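Each protein sequence line maps, in turn, to chains A and B.
Using this note's numbering, the first residue of the first sequence is number 528, and each one after it goes up by one.
Using this note's numbering, the first residue of the second sequence is number 18, and each one after it goes up by one.
Note that the Cβ used here is the ideal one computed from N, Cα and C, for glycine as well.
This structure is a prediction, so every number in the text was calculated from the model and none was measured.
Take a look at the structure below.
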Amino acid sequence: MADPLKRRPPHEHLPLSAQVFQILLSLSDQDLHGYAIIQDIRERTAHEIELTASTLYAAIKRLLEAHLIEELETRPSAEEDDPRRRYYRITPLGLEVARLETGRLERAVKLAREKKLAPRRA
Amino acid sequence: MIKLYRAALRLLPRETRERHGDQMAQVFEEIVREARRRLRPGAVARVTAAELAALLRFAWRERRGVSPPARTNERFVSSSLSPERRTLLLAPLIQDLRYSARLLRRAPGFAVTCVATMALAIGANTAIFSVVNGVLLKSLPFRDPAQVVALGHYTNGGDSLDSTTPGNLYDWMKSATAFESMAGFTSTERIVTHNGNAERIRGGLSIGGLFDVLGREAAEGRTLSAADDDPGAEPVMVLSAGLALRLFGGERSVGQSLAVNSVPHAVVGVMPPDFAFFDYDYQYWIPARFDAAFRENRDQYFLLGVARLRSGTTIVQADAQLNTVMDAIRREYPQFTENAVAALVPMKEALLDGVETRLLLLMGAVIFVLLIACANLGNLLLARALTRRREMALRHALGAGHGRLVRQMMAESLLLSTLGGLAGLGLGAALLQVLVAYLPDNLPRLQGIELDLTVLLFTLSASLAAGLLFGVFPAMQLASRAPMPVLREGARGSARGGLVRQSLVTSELALALMLLVGAGLLVRSFAELVEVPPGFATEGLLTFTASIPTTTYRTAAERSAFFERAATELESLPGVRSVTMTTTLPVAGRGNGAWFNIVDRPVPPNETPPGLPNRVVRANYFESLGIPLLKGRAFALGDGLDGTRAVVISESVARRFFPDVDPIGRRVYMGAPENRVVPDSEIVGVVADVKQTGLDEERPEAVYAPHALVPAISSFTFAIRSTTDPAGLAPAARDLMRRLDPGVPLIRVQTMDEILGRATAPARSTMVLVSLFGGVALALAVIGVFGVLSYTVNQQTTELGIRMALGASASSVKLLVLGQGLVPVAVGVVLGVTGALMLARYMEKLLFGVTPADPMTFVGVAGLLAAMAAAAAYIPARRATRLDPVRVLRQE
Numbered sequence: 528m529a530d531p532l533k534r535r536p537p538h539e540h541l542p543l544s545a546q547v548f549q550i551l552l553s554l555s556d557q558d559l560h561g562y563a564i565i566q567d568i569r570e571r572t573a574h575e576i577e578l579t580a581s582t583l584y585a586a587i588k589r590l591l592e593a594h595l596i597e598e599l600e601t602r603p604s605a606e607e608d609d610p611r612r613r614y615y616r617i618t619p620l621g622l623e624v625a626r627l628e629t630g631r632l633e634r635a636v637k638l639a640r641e642k643k644l645a646p647r648r649a
Numbered sequence: 018m019i020k021l022y023r024a025a026l027r028l029l030p031r032e033t034r035e036r037h038g039d040q041m042a043q044v045f046e047e048i049v050r051e052a053r054r055r056l057r058p059g060a061v062a063r064v065t066a067a068e069l070a071a072l073l074r075f076a077w078r079e080r081r082g083v084s085p086p087a088r089t090n091e092r093f094v095s096s097s098l099s100p101e102r103r104t105l106l107l108a109p110l111i112q113d114l115r116y117s118a119r120l121l122r123r124a125p126g127f128a129v130t131c132v133a134t135m136a137l138a139i140g141a142n143t144a145i146f147s148v149v150n151g152v153l154l155k156s157l158p159f160r161d162p163a164q165v166v167a168l169g170h171y172t173n174g175g176d177s178l179d180s181t182t183p184g185n186l187y188d189w190m191k192s193a194t195a196f197e198s199m200a201g202f203t204s205t206e207r208i209v210t211h212n213g214n215a216e217r218i219r220g221g222l223s224i225g226g227l228f229d230v231l232g233r234e235a236a237e238g239r240t241l242s243a244a245d246d247d248p249g250a251e252p253v254m255v256l257s258a259g260l261a262l263r264l265f266g267g268e269r270s271v272g273q274s275l276a277v278n279s280v281p282h283a284v285v286g287v288m289p290p291d292f293a294f295f296d297y298d299y300q301y302w303i304p305a306r307f308d309a310a311f312r313e314n315r316d317q318y319f320l321l322g323v324a325r326l327r328s329g330t331t332i333v334q335a336d337a338q339l340n341t342v343m344d345a346i347r348r349e350y351p352q353f354t355e356n357a358v359a360a361l362v363p364m365k366e367a368l369l370d371g372v373e374t375r376l377l378l379l380m381g382a383v384i385f386v387l388l389i390a391c392a393n394l395g396n397l398l399l400a401r402a403l404t405r406r407r408e409m410a411l412r413h414a415l416g417a418g419h420g421r422l423v424r425q426m427m428a429e430s431l432l433l434s435t436l437g438g439l440a441g442l443g444l445g446a447a448l449l450q451v452l453v454a455y456l457p458d459n460l461p462r463l464q465g466i467e468l469d470l471t472v473l474l475f476t477l478s479a480s481l482a483a484g485l486l487f488g489v490f491p492a493m494q495l496a497s498r499a500p501m502p503v504l505r506e507g508a509r510g511s512a513r514g515g516l517v518r519q520s521l522v523t524s525e526l527a528l529a530l531m532l533l534v535g536a537g538l539l540v541r542s543f544a545e546l547v548e549v550p551p552g553f554a555t556e557g558l559l560t561f562t563a564s565i566p567t568t569t570y571r572t573a574a575e576r577s578a579f580f581e582r583a584a585t586e587l588e589s590l591p592g593v594r595s596v597t598m599t600t601t602l603p604v605a606g607r608g609n610g611a612w613f614n615i616v617d618r619p620v621p622p623n624e625t626p627p628g629l630p631n632r633v634v635r636a637n638y639f640e641s642l643g644i645p646l647l648k649g650r651a652f653a654l655g656d657g658l659d660g661t662r663a664v665v666i667s668e669s670v671a672r673r674f675f676p677d678v679d680p681i682g683r684r685v686y687m688g689a690p691e692n693r694v695v696p697d698s699e700i701v702g703v704v705a706d707v708k709q710t711g712l713d714e715e716r717p718e719a720v721y722a723p724h725a726l727v728p729a730i731s732s733f734t735f736a737i738r739s740t741t742d743p744a745g746l747a748p749a750a751r752d753l754m755r756r757l758d759p760g761v762p763l764i765r766v767q768t769m770d771e772i773l774g775r776a777t778a779p780a781r782s783t784m785v786l787v788s789l790f791g792g793v794a795l796a797l798a799v800i801g802v803f804g805v806l807s808y809t810v811n812q813q814t815t816e817l818g819i820r821m822a823l824g825a826s827a828s829s830v831k832l833l834v835l836g837q838g839l840v841p842v843a844v845g846v847v848l849g850v851t852g853a854l855m856l857a858r859y860m861e862k863l864l865f866g867v868t869p870a871d872p873m874t875f876v877g878v879a880g881l882l883a884a885m886a887a888a889a890a891y892i893p894a895r896r897a898t899r900l901d902p903v904r905v906l907r908q909e
């Protein structure tokens, strides 16, 4: 496990890969288990980003080690079907990183638009 | 799919796997489930492929311990190996592979042939190895499984472990010090009632602390302890995971109660799903709770001991120590144990009970197929390499070293074998499904068969080894040649590499011949086996076993009344010609046995009488099953306890015990003097032998007693002879039995044809599989001969053209080519016959009615192979005679 002393300031995590950014987005307003994250990302991005179990957990492992997300000890609701599932929650640090990344992307888009690089409408 | 993924998860470092592996597998499972729901063809395959690729990347990164640099933006980028470094390390390999891939893409026919051949061979190997791995190699699911041994006796010098008596087992437990712990068990079949549903279910009786010896914990609740085996203890039971699920669904089983033979038993535990001991059919475990008197019993052989060796003690030491105890027992009770020698074997051996030979034979067969495939591919590659000799020579002349060229050739063959291996893995997984369904269901540890990591590693190494093997010939051949002569030679070819090619053909023919001899011997054995007359009329028989609860039917009169009434009512069903009953059906097994005592020939003191199988049958048994009466009379209505006490013996019993005298009228009884299974009776008849344990039985002895003589029997197997399809009678028979008593369950409802099919199933499946592999081997070898000879003819076009121009006749050219082709065939046949003679000895155990050196098989197979090879050689030879010398020479 990563040494908490080595916890790095939020801006050092940037830029995020598209998958990691989407995982943080999925967790930004709800605690989810692995497969729910994949489904959420798939729906929000209209199938543009489809994660495999291995990409998801490779990212989750890194995110856990970087303290951007944490694993929940308790489960959110009792009506859940499968007790083996583990749930993940975004940390304040994770939220901050996601915010910074959003800002970075916004600036990038703004710069692109100034160059008249808006996507064509179909 | 899930299993494959779980196996692949092992690629991850342990820590990562333990932390996330389960979650990953679970998520993958849901992804697959959803892909299935989408119902788009190939969806599952696509997500699996994507998943495995992603997993490989993940594992690769984790394994190399790529820790993110102190300040990096690459943190979440997929690979952190710098492009420069990657190029330095892998450049030549990647370049070789790319080059090979390009070459292969330009020769798709060649590539597909190679990959398909490889896939076939690797697929067969993967499937068979999965079975070998699951059945033979995997360790048993116990603590320190190598220390666990089974104890019993070797009787008649046989090599399979026979059971022992409670008396012996308890003495061993008390006195044998070579063991850390010892317990025992036996099979039982009891009526288990739950919610009013009665079922006869097979289970195990545990004696002493069986589960402590095995070292297994329950999944829920507890296992049985030695204290539970106390005769005064409360009746308790432990369920298999399967039975618990079936009876109680998801509910908690511990704390429930089940009636076993009408006695309530508290369920104290449920075993894990992978727990299986001795027999996968055991659905529950009950302590035997023998009373003090029965623990002294020395004439009922029905238990096996289970013990854990003290660490550091060898089997041999333990055996010696056990037999010291046995010697003392023999001195004390000579009348019971005269010939008894205690024996112990590793538990795995006891479980496998002789299937190794079959499985190793199959494994050998598929390895032969793989070797033959390698020889074929070696030839193909060699031929192809020779057509590229100018290219190679040029590269050599331009400065590429031998090593470089060899590496290029090897890259090509490795690429082919890896592709073939991957395709073979898929094919193997599919074959395995078919194979598991096809293998006889009495194969031990059938449930342990799966495509796991060991199998993956095997397939990977087999593919790589095959690639090296078939790649090495062309590579060496080619790279060792000096460039100048080749360049000078021009487009004209000579038949270089001829010796290597011919040896390859010779060896594949020899291998194919050995495999075909094996297949031939098995086919002949099987033909002999099914030709064996079982000794009775097998057509139109429906059979089932009915057992009555002894708590309801307490007296012998009540029991025999029930069975006689059932038989009489079954006889009145439409389509039924006759109904009979027996305690053990023919071919179905040895069944009960007891000591056979001839009253006027008492055994000398300190000796035990011989044991013989005994059957209690309905009076019409011989007539109904069509067993011929050889002497005396069959059973009649007046025979029984109240009338004539009569028994009938089989021909082989008469021959063994009354070789010179008439057995009719002799008085015999069965069992021990104080415990007579069949009371003093007179032999009234001799009937023909009927196969009891299987069709390959050599001495089918049996002593028959009429039901009226042994009326207390509580379990009978009915045999109903029908005038129509016997299986069609089953529903009516079930209804009738349920009407008579719904508390009497029917088990093993099957036709005699099904029983006979099962008796020959192991022999049949081995024969079919080995023949199948033999067929593949034959096809590959014949293709090999054809390919090499065609190639040689092509190479010799000019030479043949000149010969013909100089006046050689078509037939002499044909003979020349045929001769070239047939020399390796002849050598291959000679080598193959020699090899087969040496190897067939190991098959002796599997053969029936033929010797391992069966001349008919050898001559037939050698002839077949030679004929096929000659036919394959004839086609190119004939093509050679059609050459037009003028056109050939003009090409030059």
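**Study point:** Span of the beta strand (DSSP E), counted from its first residue to its last, around E206 of chain B
**Key:** 196–211 is the extent of the beta strand (DSSP E) around E206 of chain B.
Point to revise | C-alpha gap between A243 of chain B and I303 of chain B, whole angstroms | key: For A243 of chain B and I303 of chain B, the gap between their C-alpha atoms comes out near 11 angstroms.
Review point. Mind pulling the chain B residues with CB within less than 8 angstroms of G630 of chain A?
Key: Within chain B, no C-beta atom comes less than 8 angstroms from the C-beta of G630 of chain A; the nearest is roughly 16 angstroms away.
Exercise for review: Please check the pair P551 of chain B and L444 of chain B, which I expect to be a contact at CB under 8 angstroms, by giving their CB distance rounded to whole angstroms.
Suggested key: With a contact defined as Cβ atoms closer than 8 angstroms, P551 of chain B and L444 of chain B miss out at about 39 angstroms.
Point to revise | Through-space distance from R904 of chain B to L6 of chain B, alpha-carbon basis | key: Past the edges of chain B, shown from 18 to 909, lies residue 6 of chain B, and the structure says nothing about it.
Check your understanding: Between V604 of chain B and chain A, is there a C-beta pair that is closer than 8 angstroms?
Key -> No, because no Cβ of chain A sits closer than 8 angstroms to the Cβ of V604 of chain B.
Check your understanding: With 16 other CB atoms within 10 Å as the buried threshold, where does S99 of chain B fall?
Key -> The pLDDT assigned to S99 of chain B is 45, lower than 50, so where the model puts this residue is not dependable, and the model offers no usable value.
Check your understanding: Out of B:G437, B:F146, B:I730, B:V799, which has the shortest C-alpha to C-alpha gap to N631 of chain B?
Key -> Checking every option, the nearest Cα to that of N631 of chain B belongs to B:I730.
Practice item. Examine the Cβ distances between the region 533–545 of chain B and the region 865–880 of chain B and report whether three or more of them are shorter than 8 angstroms. Key: Segments in contact, yes.
Exercise for review: Determine whether the Cβ of I587 of chain A lies closer than 8 angstroms to any Cβ atom of chain B.
Suggested key: True, the Cβ-Cβ gap to chain B drops below 8 angstroms.
**Study point:** Positions along the region 48–69 of chain B whose CB lies within less than 9 angstroms of some CB in chain A
**Key:** Shown in chain order are the members of the region 48–69 of chain B whose Cβ falls below 9 angstroms from a Cβ of chain A: I48, E51, V64, A67, E68, L69.
**Study point:** Within chain B, the residues that L583 of chain A reaches when beta carbons sit closer than 7 angstroms
**Key:** Under the 7 angstroms cutoff, chain B gives V44.
Review point. In whole angstroms, what is the alpha-carbon distance linking A888 of chain B and P491 of chain B?
Key: So the alpha carbons of these two residues sit roughly 27 angstroms apart.
Check your understanding: According to DSSP, which residues form a beta bridge with K648 of chain B?
Key -> Bridge partners of K648 of chain B: B:V703.
Check your understanding: Which first and last residues belong to the alpha helix (DSSP H) in which R325 of chain B is found?
Key -> For R325 of chain B, there is no enclosing alpha helix (DSSP H); the residue is part of the beta strand (DSSP E) that begins and ends at 321–326.
Check your understanding: Can the beta-carbon of I576 of chain A be found closer than 8 angstroms to that of A625 of chain A?
Key -> Not a contact, by the Cβ cut-off of 8 angstroms.
Review point. Shorter than 8 angstroms from the beta carbon of G550 of chain A to some beta carbon of chain B?
Key: Gly is not the amino acid found at residue 550 of chain A; the sequence shown has Ile there. It does not: the Cβ of I550 of chain A has no partner Cβ on chain B nearer than 8 angstroms.
Check your understanding: Could you check where the alpha helix (DSSP H) with F639 of chain B kicks off and where it finishes?
Key -> Looking at the DSSP string, the run of the alpha helix (DSSP H) that includes F639 of chain B is 638–642.
**Study point:** chain B residues whose Cβ lies nearer than 9 angstroms to that of I565 of chain A
**Key:** Simply V44, E47, I48.
Review point. For chain B, is any of its Cβ atoms less than 8 angstroms away from the one on R612 of chain A?
Key: Output row for R612 of chain A: interface = yes.
Point to revise | Counterpart residues of M632 of chain B in DSSP-defined beta bridges | key: Inspection of the sequence shows that residue 632 of chain B is occupied by Arg rather than by Met. Paired residues: B:Y721.
Exercise for review: Consider the C-beta atom of E668 of chain B and the heavy atoms of the ligand NAP; say whether any pair is separated by less than 7 angstroms.
Suggested key: Here there are no bound small molecules, and the ligand NAP is not part of this structure.
Exercise for review: Could you tell me the distance, in whole angstroms, from the CA atom of V810 of chain B to the CA atom of C391 of chain B?
Suggested key: Near 23 angstroms, if we compare the C-alpha coordinates of C391 of chain B and V810 of chain B.
Review point. Where does P723 of chain B land, buried or exposed, given buried means 16+ other C-beta within 10 angstroms?
Key: Buried, since its Cβ has 16 or more Cβ neighbours within 10 Å.
Check your understanding: Leaving out five residues before and five after S95 of chain B in sequence, what residues of the same chain have Cβ atoms less than 7 angstroms from its Cβ?
Key -> Here S95 of chain B scores only 39 on pLDDT, less than 50, and its place in the model is too uncertain to base an answer on.
Check your understanding: What's the C-alpha gap between Y171 of chain B and L326 of chain B?
Key -> If I take the Cα positions, the gap works out to 20 angstroms.
Check your understanding: At a Cβ threshold of 8 angstroms, is T579 of chain A touching chain B?
Key -> Output row for T579 of chain A: interface = yes.
Point to revise | C-beta contact flag for V867 of chain B and I466 of chain B at 8 angstroms | key: The Cβ atoms of V867 of chain B and I466 of chain B do not sit closer than 8 angstroms to each other.
**Study point:** Host alpha helix (DSSP H) of Q549 of chain A (start-end)
**Key:** First-last of the alpha helix (DSSP H) with Q549 of chain A: 545–554.
Practice item. Would you tell me roughly how many angstroms separate the C-alpha atoms of I666 of chain B and P690 of chain B, rounded to the nearest one? Key: If I take the Cα positions, the gap works out to 20 angstroms.
Check your understanding: How about I332 of chain B and V166 of chain B: are their beta carbons less than 8 angstroms apart?
Key -> Judged by their CB atoms, I332 of chain B and V166 of chain B are nearer to each other than the 8 angstroms cut-off.
Practice item. State buried or exposed for Y614 of chain A, treating a residue as buried only when at least 16 other CB atoms are found within 10 Å of its CB. Key: Burial check for Y614 of chain A: the Cβ neighbour count within 10 Å reaches 16 or more, so the residue is buried.
Practice item. Compare the C-beta of G621 of chain A with all C-beta atoms of chain B and state if any pair is closer than 8 angstroms. Key: No, because no Cβ of chain B sits closer than 8 angstroms to the Cβ of G621 of chain A.
**Study point:** Own chain residues within Cβ distance below 6 angstroms of L474 of chain B, not counting five before or after
**Key:** Within the same chain, L474 of chain B has no close Cβ partners at all.
Check your understanding: Taking the continuous beta strand (DSSP E) assigned at M598 of chain B, which residues delimit it?
Key -> Element bounds for M598 of chain B: 593–599.
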